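Colleague: Heads up: the sequence lines are chains A and B, in that order. Under the numbering used here, think of the first position of the first sequence as 2, with each following residue one higher. Under the numbering used here, think of the first position of the second sequence as 23, with each following residue one higher.
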Amino acid sequence: MNLAALLTSTFRDTLSTSMPLVRPEACLAVSIVLILLLRTLPLLKKLDSGLVALGGVCFALWYAWSDVRALPGSPWALVNVSAARVELFTGLLVYDSLTAYVRLLLMGFLVLYILFTKVSGIPDHEDGADFYTLMLGATLGMCLMASANHLLMIFMAVEMASVPSYVMAGLLKGRRTSSEAALKYAVFGAGAAGVMLYGVSLLAGVLGTCHLPSMALRLADLSASGGLETCGIILALGGLMMSVGLAFKLSAVPFHFWCPDVFEGAAAEVGAFLSVASKAAAIALLVRVAFGLGVGVDMGDAVAVLDSSNSTAMFQGVAPLHSQKVPDVVVDSQRLVALEDVRHFIVSLIGLLAAVTCTFGNLAAYGQTNIKRLLAYSTIAHAGYLMMPVAAGLAMAGINPQGSQAAIAAVAFYLGTYVFMNLGAFAIVAVLRNQLRSEEIASYAGLVRTSPGIVVAMAVVLVSLIGLPPLAGFVSKFLIFASLYQAISSGAERPMMILLLVLGGVNTVVSLFYYLRVVKVMTADPPPEQGRHAEIPMVSLSGAMITGIVFPVVFLGVFWSGLYVLAMLAGGMAS
Amino acid sequence: MNQPALLPFSLLVFLPACVALVIALPIIPRQREDLVRWIALTTTAIVFMLSVWLALPGGVTAGGVGFMLGEPDMQSVIKLPWIQSFGIEYLLGVDGISMPLVVLTTFLSMLSAAASWPITKHVKAYFVLFLLLETGMLGVFMSLDFFLFYVFWEVMLLPMYFLIGIWGGPRREYAAIKFFLYTLVGSVLMLLAILMLYFTSDLKLLSDEQLVAVHAVSPFMDAATIRSLPGPQHTFNLLALAAIGQLPESPFAAAQILGLSLETWAFLLLLIGFAIKVPIVPFHTWLPDAHVEAPTPISMILAGVLLKLGGYGILRICYPICPGAGLSLAWLVCGIGVLSMLYGAFAALAQKDFKRMVAYSSVSHMGYVMLGLGVWSAVAGQEYRWEYWAQGVNGAMFQMIAHGISSAGMFFMVGVLYDRVHHRNLEEFGGIFNRMPVYSGLAVAIFFAGLGLPGMCGFIGEVLVTLSSWNYSRLFASLSAFTVILTAGYILWAIQRVYLGAEYKGPHGEDLVPITRRELAIATPLVALAILFGIYPQGLFNYISPTVNKQCQTLAAWTRDVNDAVRLNGGIIEPQSATQQKTSPILDSAVLQP
Numbered sequence: 002m003n004l005a006a007l008l009t010s011t012f013r014d015t016l017s018t019s020m021p022l023v024r025p026e027a028c029l030a031v032s033i034v035l036i037l038l039l040r041t042l043p044l045l046k047k048l049d050s051g052l053v054a055l056g057g058v059c060f061a062l063w064y065a066w067s068d069v070r071a072l073p074g075s076p077w078a079l080v081n082v083s084a085a086r087v088e089l090f091t092g093l094l095v096y097d098s099l100t101a102y103v104r105l106l107l108m109g110f111l112v113l114y115i116l117f118t119k120v121s122g123i124p125d126h127e128d129g130a131d132f133y134t135l136m137l138g139a140t141l142g143m144c145l146m147a148s149a150n151h152l153l154m155i156f157m158a159v160e161m162a163s164v165p166s167y168v169m170a171g172l173l174k175g176r177r178t179s180s181e182a183a184l185k186y187a188v189f190g191a192g193a194a195g196v197m198l199y200g201v202s203l204l205a206g207v208l209g210t211c212h213l214p215s216m217a218l219r220l221a222d223l224s225a226s227g228g229l230e231t232c233g234i235i236l237a238l239g240g241l242m243m244s245v246g247l248a249f250k251l252s253a254v255p256f257h258f259w260c261p262d263v264f265e266g267a268a269a270e271v272g273a274f275l276s277v278a279s280k281a282a283a284i285a286l287l288v289r290v291a292f293g294l295g296v297g298v299d300m301g302d303a304v305a306v307l308d309s310s311n312s313t314a315m316f317q318g319v320a321p322l323h324s325q326k327v328p329d330v331v332v333d334s335q336r337l338v339a340l341e342d343v344r345h346f347i348v349s350l351i352g353l354l355a356a357v358t359c360t361f362g363n364l365a366a367y368g369q370t371n372i373k374r375l376l377a378y379s380t381i382a383h384a385g386y387l388m389m390p391v392a393a394g395l396a397m398a399g400i401n402p403q404g405s406q407a408a409i410a411a412v413a414f415y416l417g418t419y420v421f422m423n424l425g426a427f428a429i430v431a432v433l434r435n436q437l438r439s440e441e442i443a444s445y446a447g448l449v450r451t452s453p454g455i456v457v458a459m460a461v462v463l464v465s466l467i468g469l470p471p472l473a474g475f476v477s478k479f480l481i482f483a484s485l486y487q488a489i490s491s492g493a494e495r496p497m498m499i500l501l502l503v504l505g506g507v508n509t510v511v512s513l514f515y516y517l518r519v520v521k522v523m524t525a526d527p528p529p530e531q532g533r534h535a536e537i538p539m540v541s542l543s544g545a546m547i548t549g550i551v552f553p554v555v556f557l558g559v560f561w562s563g564l565y566v567l568a569m570l571a572g573g574m575a576s
Numbered sequence: 023m024n025q026p027a028l029l030p031f032s033l034l035v036f037l038p039a040c041v042a043l044v045i046a047l048p049i050i051p052r053q054r055e056d057l058v059r060w061i062a063l064t065t066t067a068i069v070f071m072l073s074v075w076l077a078l079p080g081g082v083t084a085g086g087v088g089f090m091l092g093e094p095d096m097q098s099v100i101k102l103p104w105i106q107s108f109g110i111e112y113l114l115g116v117d118g119i120s121m122p123l124v125v126l127t128t129f130l131s132m133l134s135a136a137a138s139w140p141i142t143k144h145v146k147a148y149f150v151l152f153l154l155l156e157t158g159m160l161g162v163f164m165s166l167d168f169f170l171f172y173v174f175w176e177v178m179l180l181p182m183y184f185l186i187g188i189w190g191g192p193r194r195e196y197a198a199i200k201f202f203l204y205t206l207v208g209s210v211l212m213l214l215a216i217l218m219l220y221f222t223s224d225l226k227l228l229s230d231e232q233l234v235a236v237h238a239v240s241p242f243m244d245a246a247t248i249r250s251l252p253g254p255q256h257t258f259n260l261l262a263l264a265a266i267g268q269l270p271e272s273p274f275a276a277a278q279i280l281g282l283s284l285e286t287w288a289f290l291l292l293l294i295g296f297a298i299k300v301p302i303v304p305f306h307t308w309l310p311d312a313h314v315e316a317p318t319p320i321s322m323i324l325a326g327v328l329l330k331l332g333g334y335g336i337l338r339i340c341y342p343i344c345p346g347a348g349l350s351l352a353w354l355v356c357g358i359g360v361l362s363m364l365y366g367a368f369a370a371l372a373q374k375d376f377k378r379m380v381a382y383s384s385v386s387h388m389g390y391v392m393l394g395l396g397v398w399s400a401v402a403g404q405e406y407r408w409e410y411w412a413q414g415v416n417g418a419m420f421q422m423i424a425h426g427i428s429s430a431g432m433f434f435m436v437g438v439l440y441d442r443v444h445h446r447n448l449e450e451f452g453g454i455f456n457r458m459p460v461y462s463g464l465a466v467a468i469f470f471a472g473l474g475l476p477g478m479c480g481f482i483g484e485v486l487v488t489l490s491s492w493n494y495s496r497l498f499a500s501l502s503a504f505t506v507i508l509t510a511g512y513i514l515w516a517i518q519r520v521y522l523g524a525e526y527k528g529p530h531g532e533d534l535v536p537i538t539r540r541e542l543a544i545a546t547p548l549v550a551l552a553i554l555f556g557i558y559p560q561g562l563f564n565y566i567s568p569t570v571n572k573q574c575q576t577l578a579a580w581t582r583d584v585n586d587a588v589r590l591n592g593g594i595i596e597p598q599s600a601t602q603q604k605t606s607p608i609l610d611s612a613v614l615q616p
């Protein structure tokens with residue numbers, strides 16, 4: 002194949018297959034460039050970069066929604082139904098229902114988030130351009146995390162999401178705690194990235210490919226031929242090291258240490274971004290890796306794509322090395338059977354991490370006096386809850402495909418409600434900070450007398466985080482417990498699933514204490530003698546914003562059919 | 023779809039919540055406290071009258087909404103789809119078990135709203151939470167969908183937490199979090215049981231007639247459609263779950279988890295969840311704290327309605343859905359019932375705090391409910407006399423209503439005194455009769471009702487339960503009869519220490535003003551009802567008995583079938599009844615007799 006043909010085929014693949022499915026990312030990239038360009042022009046310098054970002058994100062949201070609408074099985078489908086699974090850019094990315102869902106979630110979150118930052122006043126006009134550029138850049142990385150299909154892409158996406166976050170953590174330049182937070186975050190992140198890269202190279206070295214579906218095939222081959230006994234240790238080590246990087250992004254114990262410090266030091270606005278967007282992307286990536294390696298995909302059409310672009314990929318040096326010897330077709334069911342050991346390893350790993358993370362997060366949150374630290378530990382605990390159905394879904398992969406789909410749907414639903422719960426909590430913290438100049442829980446004493454609306458909103462959010470009906474958090478928890486129970490009843494990894502179910506229940510009870518303590522301080526404690534009082538009427542810009550964010554927490558707790566249909570669509574990637 | 027019951031029953035449940043939202047909006051200025059009080063009282067009064075209208079037997083028109091006496095099955099069923107992916111429905115209905123409890127709830131809510139006049143702190147917030155609480159309570163009694171039931175069950179938690187935690191006594195925060203914690207543990211266990219039952223259930227196991235009878239079909243989904251769907255059709259429908267649980271080849275009995283049948287697990291988890299609410303020793307320790315710290319009207323609600331939720335749950339959910347486990351664990355339910363009866367009575371004897379004494383009397387009285395529900399005397403002997411069991415369950419139901427009236431009354435009476443003298447120390451009272459004669463007369467009447475004096479409401483339930491337990495276990499019957507003496511002991515002693523005596527020597531003696539008209543208006547209906555139900559219990563049994571009798575009859579027949587199957591198979595025990603065989607001494611004796 003000569004160079005011209007090569008270029009033509011690459012060009013065709015990129016333009017006709019890949020580009021139409023990364024329109025939301027393209028919108029983000031365009032907005033970044035726009036914001037940067039605007040700064041260089043003196044006339045346009047006055048223009049608010051937040052509005053530019055908002056515009057770009059709205060376009061991205063529209064494209065993300067039209068992608069979700071076109072998914073197969075979607076009740077909103079118009080005419081064009083997209084394929085269930087498409088590999089983009091010669092297998093570096095993958096587009097499927099999970100990609101579409103997470104992108105929609107991220108874009109929807111960004112719209113709310115930008116509005117929230119405009120109301121809360123951080124960043125100011127001076128910092129705005131930096132902040133929004135970084136934020137959009139990080140989100141771009143998160144979108145890539147949700148669609149990564151290749152070890153190199155995973156690494157790059159994680160870095161792309163992390164590096165801007167380090168800078169965002171240091172946004173409050175004058176404050177030492179903020180700089181400290183940024184430095185800690187960066188050092189910790191660099192360490193985790195290094196370990197992860199090492200793990201990636203171990204895996205790639207043993208399996209001879211970085212392309213996730215091909216890795217699954219190689220693993221199946223190895224397992225079928227007994228090769229796992231010889232190189233199993235190295236693979237396990239590689240897997241463990243790679244999980245370090247993922248655990249860092251998820252703030253899973255024992256790689257959570259950055260989380261409370263960063264949340265405490267950085268502005269509440271940054272905390273909101275990290276605790277929602279970053280978490281959503283990380284959990285999507287976890288699903289990608291876990292299902293990519295533990296289940297794999299039917300390589301029928303994927304192979305075709307690879308074959309057509311084979312030489313291109315070789316030329317670019319990121320080729321799936323194995324692609325010549327795919328043809329010894331491993332049938333779907335055989336592959337699933339062969340990957341049983343791999344799945345067991347991954348399920349045990351995720352399950353263990355989930356159990357420890359959830360329990361530790363809840364116990365550590367108990368002693369916190371700073372609301373942002375408390376929310377950080379709450380985020381850690383919720384990362385634990387979020388990992389539970391991933392383990393359950395993977396455990397059911399070979400046994401109960403519907404259960405597997407429901408488990409991933411539970412994750413997707415949880416993320417959907419989590420957006421409103423955590424953004425709501427951080428928004429309230431930010432609004433209160435603007436008036437109280439404090440983020441200590443004690444400074445919220447007696448708040449109910451001056452701003453009853455805010456207290457009600459905070460109570461709704463926190464009770465939803467505990468998981469009590471009729472709020473959205475309850476439905477999420479119900480779905481998680483349901484998927485764990487489904488795994489138990491279909492006999493998949495029973496001991497681990499029983500452990501997770503029991504721990505989930507115990508943790509729900511434990512978490513009651515610290516969430517409720519905040520509400521108790523706000524309502525029952527007498528207001529401080531001196532010091533500031535916060536008076537935030539609900540009929541104001543901040544009040545309206547908080548109502549807008551918190552209302553869905555109630556709404557989705559009662560009318561959750563719609564979101565669940567969306568979540569089931571996302572879960573379709575697992576069945 | 024023509025559902026005449028939809029509007030009145032939905033209004034009954036959600037009117038309080040809607041009014042709560044309106045009060046919460048900043049329309050009414052915070053200073054107009056009396057306006058808020060009147061709005062809340064009017065709302066509860068409207069809800070009460072609505073419930074009475076719905077419960078009156080006269081109101082029946084063909085296919086209409088009124089209550090049909092003598093009809094044992096669910097009536098006025100409302101069915102709307104809610105979450106289709108899980109088959110969750112907005113499914114409400116009433117029968118002879120729930121209707122009296124619904125009316126009790128609305129009645130006590132109205133009286134408590136009137137009793138809330140002395141509340142002066144954050145009046146608006148108080149009534150918002152109060153009305154939300156009422157919606158939760160009514161919803162629990164009427165929902166027939168397990169998911170909906172659970173949602174309403176939890177909706178009650180948070181208002182109750184705040185009502186105790188903000189408007190309570192000195193140790194309110196401790197009491198409130200303890201209440202919340204205990205109940206949440208119970209709820210989590212219940213959620214696990216719900217998941218177990220849901221994922222094991224399958225509507226396809228039921229016959230077409232059964233599907234219609236349990237309201238599983240709707241115009242959109244007839245029996246044939248249900249059968250044509252792929253895979254098992256899980257359901258949250260409580261009636262359908264009960265029908266599945268009573269099938270001869272019940273999937274709940276067949277499935278095994280960690281060596282026990284799923285039925286047993288579900289029964290135990292639900293039982294603990296409900297027993298915490300009842301509360302039953304050893305899960306009762308939240309109750310005295312919560313009662314002592316809660317303000318008077320909330321104590322009335324707590325004792326009068328919230329405790330009944332546990333008994334209702336056991337009757338509506340535990341037994342019909344898990345009959346096998348209910349049969350083999352009858353000794354457990356009865357045993358803890360008798361234990362709390364005795365423990366509560368002895369503890370009440372030892373109390374120095376008036377309110378704490380009344381709280382422990384609740385523990386003791388609710389023990390009768392457990393004993394009555396648990397008596398599975400149908401199998402005492404070979405005759406399967408469902409009447410014996412029905413007697414106990416009827417007694418338990420009656421006891422729930424009677425206790426709702428008498429305990430709410432007792433707490434109110436204590437509250438009236440506390441509002442005046444600001445202490446509850448039994449040792450420092452005495453001579454109240456001289457200072458407040460009308461009040462004391464009413465109070466003594468209510469305390470006698472609690473004591474179980476013949477001619478008052480407390481007597482009927484206790485005597486029925488004791489009688490029926492004789493057939494099950496003579497020991498339990500004797501102990502429950504003995505408890506009556508203890509009850510008389512602590513109540514008479516309390517009356518002696520508080521109301522009798524020469525003169526009041528305790529603190530704030532000058533504040534002992536005669537009973538006000540508002541207080542009189544609350545106390546009189548309670549005393550009147552206590553006497554009415556004592557001399558004319560049939561009025562209540564007309565509602566309760568048909569449903570209870572049918573349930574007991576069905577379950578007794580089920581028991582006979584199971585036992586016959588065991589006997590016919592001779593030495594070969596069917597796998598599903600194997601666990602029952604092992605764990606049930608009663609069943610053993612029944613099998614061994616020729």
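By construction, the Cβ of each residue, glycine as well, lies at the ideal position given by its N, Cα and C atoms. Please read all numbers here as calculations on a predicted model, not as lab measurements.
1) Helix or strand or just coil, what does DSSP make of Gln97 (chain B)?
2) Looking at C-beta atoms only, is the number of pairs between the stretch 419-431 of chain B and the stretch 327-336 of chain B that lie closer than 8 angstroms three or more?
3) Which chain A residues are close to Ile188 (chain B), counting only those with a beta carbon under 8 angstroms from its beta carbon?
4) List in chain order: all unbroken beta strand (DSSP E) runs of 3+ residues lying wholly within the stretch 316-347 of chain B.
5) Does any residue of chain A bring its CB to less than 8 angstroms from the CB of Tyr196 (chain B)?
6) Only counting the same chain, and skipping five residues up and downstream in sequence, which positions put a Cβ closer than 7 angstroms to that of Val449 (chain A)?
7) Would you say Ser502 (chain B) faces chain C, with C-beta separation under 8 angstroms as the test?
8) What's the call for Cys40 (chain B), buried or exposed, on a 16-neighbour Cβ count within 10 Å?
9) So, does the CB of Ile141 (chain B) fall closer than 8 angstroms to a CB anywhere in chain A?
10) Any beta-carbon of chain A closer than 8 angstroms to the one on Leu34 (chain B)?
11) Just to confirm before moving on: does the CB-CB distance between Met379 (chain B) and Leu448 (chain B) stay below 8 angstroms?
12) What are the boundary residues of the alpha helix (DSSP H) that Ile298 (chain B) is part of?
13) Count the other C-beta atoms from every protein chain shown that fall within 10 angstroms of the C-beta of Asn564 (chain B), then say buried if there are 16 or more, exposed otherwise.
14) For the pair the stretch 306-325 of chain B and the stretch 282-293 of chain B, tell me if three or more CB-CB distances fall below 8 angstroms.
15) Within 10 angstroms of its Cβ, does Met498 (chain A) collect 16 or more other Cβ (buried), or is it exposed?
16) Along the beta strand (DSSP E) that carries Leu172 (chain A), what are the first and last residues, could you check?
17) Should Ile557 (chain B) go down as buried or exposed, given a rule of 16 or more other Cβ atoms within 10 Å for buried?
18) With distances taken Cα to Cα, identify the nearest neighbour of Arg582 (chain B) among B:Ala465, B:Ile188 and B:Ala400.
Modeller: The answer reads as follows:
1) DSSP, read as helix, strand or coil, puts Gln97 (chain B) in strand.
2) Yes, they touch.
3) Neighbourhood of Ile188 (chain B) in chain A, by CB distance below 8 angstroms: Thr524 and Ala525, in chain order.
4) Within the stretch 316-347 of chain B, no complete beta strand (DSSP E) run reaches 3 residues.
5) Tyr196 (chain B) does not count as touching chain A.
6) For Val449 (chain A), where only same-chain residues beyond five positions count, the Cβ hits under 7 angstroms are Val456, Met523 and Thr524.
7) Here chain C cannot be found, since the structure's protein chains are A and B.
8) Within 10 angstroms of the beta-carbon of Cys40 (chain B) lie fewer than 16 other beta-carbons, which makes it exposed.
9) Output row for Ile141 (chain B): interface = no.
10) The C-beta of Leu34 (chain B) comes no closer than 8 angstroms to any C-beta of chain A.
11) In contact: Met379 (chain B) and Leu448 (chain B) (Cβ atoms closer than 8 angstroms).
12) First-last of the alpha helix (DSSP H) with Ile298 (chain B): Leu284 to Lys299.
13) Classification for Asn564 (chain B): exposed.
14) Because the criterion of three Cβ pairs below 8 angstroms is not met, the stretch 306-325 of chain B and the stretch 282-293 of chain B do not touch.
15) With 16 or more Cβ atoms within 10 Å of its Cβ, Met498 (chain A) is classed as buried.
16) Unbroken run through Leu172 (chain A): none, as it is neither H nor E.
17) By the neighbour-count criterion, in which a residue is buried when 16 or more other Cβ atoms sit within 10 angstroms of its Cβ, Ile557 (chain B) is exposed.
18) Nearest of B:Ala465, B:Ile188 and B:Ala400 to Arg582 (chain B), Cα basis: B:Ala400.
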